[in-house]
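Data first, discussion second: the structure below is written as structure tokens.
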């Protein structure tokens, strides 16, 4: 069955500091035309950073669209042209003040591929060395940590619902519980 | 540490068929003001539907923002005012032509809580009875199925990256591998 859609035209509706929005006209497989509304996001990274004791580093921060604080793994948006591995090292330092000796690839996650183009690169990090965190001037967060097993339990009970945190925690746990590691990255993140 | 933000004003920028967009002005914990761009989505559901043989039902469909076909669990948007459990029953029938005898709650997922207000309710369903699928007129998808373990492996290898599919598959697998079931729902979805 033919499933592909063909873009006929594209209309930019908004470009903000973080989000963009466009409405494209496409030709469907049955020949009819339809609108496709696409929210655009620069993409981001998230890091499952594990201490030697098996704790995972977390940040609690206010998430404005939901009007409440949430517990999440460290994460952040990519700057224009910034390789995701560089973003991950930068965000881990900014948010929890940690450098990591060992990095592993936990794959990408597409939060909502039907109408939102964000791609999140997820990493696992070990061999942490801590110094002072340096969050952005207008970023407010509280650093916490807990055993990875406890975070997995919170995810399974639905008490942590943030997609990158659930995906990162469950994937890292699946590898470690099987006595394996995700694919290791070298100093260039390859 | 005070983390809360206080809304000062809200500006609606766009309301489309699916997505909306607004830009609010908030007061940060340090007293400064900032913009918050929020993409609005009506919310949706996703279903890990398991056959008696342990296969999970999947749909392959074209995801316009990424210009390619993706393998996902059945899912769909909520109609205005529609309870998510009703959406889940409707979408399972529309997309794969199945009714389910038993339903379980796999919790909610927030795809991108920083600037996107979508909430996805995830369910597990068993006791499937199949009839003819009835997709929307302009919805094009191919039905597939595979053992849940195979889907989990694709998620761990990063070959399936759709958030609701990864979260649903890994959560369902974590419960079943531990010999447990998620919280069962009655006929009213409670």
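Chains as they are written, first to last, in the working numbering: chain C, 662 to 851; chain W, 662 to 851. Cβ atoms here follow ideal geometry from the backbone N, Cα and C, with glycine treated the same way.
Contact note: residue 775(C) reaches chain W through 724, using a C-beta cutoff of 7 Å and chain order. One thing to note: residue 717(W) has its Cβ within 9 Å of the Cβ of residue 833(W). By the Cβ test, the segment 699 to 712 of chain C is in contact with the segment 763 to 779 of chain C, since at least three Cβ pairs between them sit closer than 8 Å.
768, 769, 770, 771, 772, 773, 774, 775, 776, 777, 778, 779: these are the residues of the segment 756 to 783 of chain W whose beta carbon lies less than 7 Å from some beta carbon of chain C, given in chain order.
Taking 8 Å as the upper bound for CB-CB distance, residue 721(W) and residue 814(W) are not in contact here, some 17 Å apart. Residue 670(W) and residue 728(C) have their C-alpha atoms roughly 14 Å apart. Secondary structure at residue 811(C): helix, using DSSP grouped into helix, strand and coil. Think of a sphere of 9 Å around the beta carbon of residue 706(C): no beta carbon from chain W falls inside it, the nearest being about 13 Å out. Comparing C-alpha distances from residue 665(C) to each of 848(W), 725(W), 674(W), 820(W) shows the shortest one belongs to 725(W). With a contact defined as Cβ atoms closer than 8 Å, residue 831(C) and residue 838(W) miss out at about 12 Å. Interface criterion met: the Cβ of residue 721(C) is under 9 Å from a Cβ in chain W. Classified as buried, residue 785(W) has 16 or more neighbouring CB atoms from the shown chains inside 10 Å of its CB.
Listed along chain W, the residues sitting closer than 7 Å to residue 697(C) by beta-carbon distance are 725. Within a 10 Å sphere around the beta-carbon of residue 844(W) sit fewer than 16 other beta-carbons, which makes this residue exposed. In this structure, residue 825(W) sits near residue 734(W), with a CB-CB distance shorter than 9 Å. Within the segment 675 to 694 of chain W, the residues whose Cβ lies closer than 7 Å to any Cβ of chain C are, in chain order, 675, 677, 678, 679, 680, 682, 684, 687, 689, 690, 693.
Residue contact with chain W for residue 827(C): present (Cβ-Cβ distance below 9 Å to some residue of chain W). Per DSSP, reduced to three states, the secondary structure at residue 761(C) is strand.
Counting every other CB atom within 10 Å of its CB across the protein chains shown gives residue 750(W) a total of 16 or more, marking it as buried. DSSP, reduced to helix, strand and coil, places residue 739(C) outside both helices and strands of the structure shown, so it counts as coil. Listed by position along chain C, the residues whose Cβ is nearer than 8 Å to that of residue 801(W) are 662, 663, 664, 689, 690, 691. Taking the beta carbon of residue 849(C) as reference, no residue of chain W falls within 7 Å; the closest one sits roughly 19 Å away. The CB of residue 785(C) never comes closer than 7 Å to any CB in chain W; the least such distance is about 12 Å. The beta carbons of residue 696(W) and residue 683(W) sit about 10 Å from each other, so the pair does not count as a contact at 8 Å.
For residue 819(C), the C-beta contacts it makes with chain W under 7 Å involve 768, 769, in order along the chain. When Cβ-Cβ separations below 9 Å define contact, residue 805(W) makes no contact with chain C.
The three-state reading of DSSP puts residue 818(C) in coil, since its state is none of H, G, I, E or B. In the three-state reduction of the DSSP assignment, residue 805(W) falls in the strand class, which pools E and B. Closest in alpha carbon position to residue 849(W), among 745(W), 816(W), 689(W), 776(W), is 745(W). In this structure residue 774(W) does not touch residue 739(W) by the C-beta definition: roughly 18 Å separates them, more than the 8 Å allowed.
Scanning chain C for C-beta atoms nearer than 8 Å to the C-beta of residue 718(W) yields nothing, as the closest lies near 17 Å away. Taking 9 Å as the cut-off, the Cβ atoms of residue 748(C) and residue 758(C) do not count as close.
For residue 667(C), the enclosing beta strand (DSSP E) stretches over residues 667 to 676.
When 781(C), 741(C), 799(C) are compared, the shortest CA-CA separation from residue 755(C) is found for 799(C). Where residue 791(C) is concerned, the enclosing beta strand (DSSP E) starts and stops at 781 to 791. Neighbours of residue 811(C) in chain W, taken as residues at a C-beta separation under 7 Å, are lacking, since the least C-beta distance is about 14 Å.
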